[in-house]
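Take a look at the structure set out below.
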C-alpha cells in the first residue's frame, strides 16, 4: 500500500541550529501539505504545494522557515535558526488535486529543540 | 475563512458504551467535511468524509457521522466503543474550490475505559 514517507521520525536539535525534514508523497499526488502540530492541538497548515508551486504559505514563518518541492515530487522543510517554540510534530500529507480528495498523512517528524 | 470547533477536548467513556464527538464549523463558502483519527506518535488516518448526498456517512471501524447544514455540525458517533478506539479525533473542512485547503479542529481525545 502506498504511503507518505517522512524522515527523520525524531530529531533533537539545539536552539539556533538548522534542521531539515524530508517528505516523499504518494506517487501521482500533485498536492503536498506541511502541517505543524503542537502537543494537544490540531494540525496547523504551514505550506501547501500544487506540483512545484506554492499555493498557500500564509502561516509559514518566513523569517526562519522555508519549504521547497523542486521537481514537484518530494519536499524539504527547513528551519533556521530553530527556536524552543518550534518543538512540535511536523506532518506531511499528500492528495490528488481534486475537490474532496482524501489527504494521506505520513507518520510525522517529532522535533525537540533544546 | 473557515474554522472548526470541537467542543470537547476529552471524552471518557466505558467500553461497549456509545459515544458522540461533536464538531461545528464555520465557512463563508462551500466545504467538504472529514473526520480523522490519530494514534500516539502517528500520522492522521481518514475515518470518513462527507462530500454530498446522504447526510449520514459511514466510515471505517464502525464510526458514522451526520451532516447538519442548518446547525453547521458534523458529529461523529459510534454505538459501541472498544479499548482500541482510544485515540485523538480531528474534525476538518476542506474548500470545494480554490486550493482545497484543509482546516483542522483542535481535536477530541477519546479515552475508552475498561
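Residue numbers (my numbering), protein chains in the order written: chain A, 1 to 114; chain B, 1001 to 1114. For each residue, glycine too, the CB sits at the ideal point set by N, CA and C.
Where residue i falls, given that 16 or more other Cβ within 10 Å makes a residue buried
i	result
residue 1088/B	buried
residue 80/A	exposed
residue 59/A	exposed
residue 36/A	buried
residue 1093/B	buried
residue 1039/B	exposed
residue 112/A	exposed
residue 1085/B	buried
residue 1065/B	buried
residue 38/A	exposed
residue 1009/B	exposed
residue 114/A	exposed
residue 29/A	buried
residue 2/A	exposed
residue 1113/B	exposed
residue 1006/B	buried
residue 97/A	exposed
residue 17/A	exposed
residue 1079/B	exposed
residue 69/A	buried
residue 988/B	Nothing about residue 988/B can be reported from this structure: the residues present for chain B run from 1001 to 1114 only.
residue 54/A	exposed
residue 1017/B	exposed
residue 84/A	exposed
Three-way DSSP call (helix, strand, coil) for residue i in this model
i	result
residue 84/A	helix
residue 1085/B	helix
residue 1024/B	strand
residue 114/A	coil
residue 15/A	coil
residue 1070/B	coil
Terminal residues of the beta strand (DSSP E) in which residue i lies
i	result
residue 66/A	65-68
residue 1048/B	1044-1050
DSSP beta-bridge partners of residue i
i	result
residue 23/A	6/A, 75/A
residue 1112/B	1013/B
residue 960/B	The structure shown does not extend to residue 960/B, since chain B spans only 1001 to 1114, so no value can be given for it.
residue 36/A	44/A, 90/A
residue 1092/B	1034/B, 1104/B
residue 109/A	90/A
residue 31/A	50/A, 95/A
residue 1003/B	1026/B
residue 56/A	48/A
Residue i beta carbon near the ligand FMN (any heavy atom closer than 7 Å)
i	result
residue 68/A	You won't find the ligand FMN in this model; it holds no ligand whatsoever.
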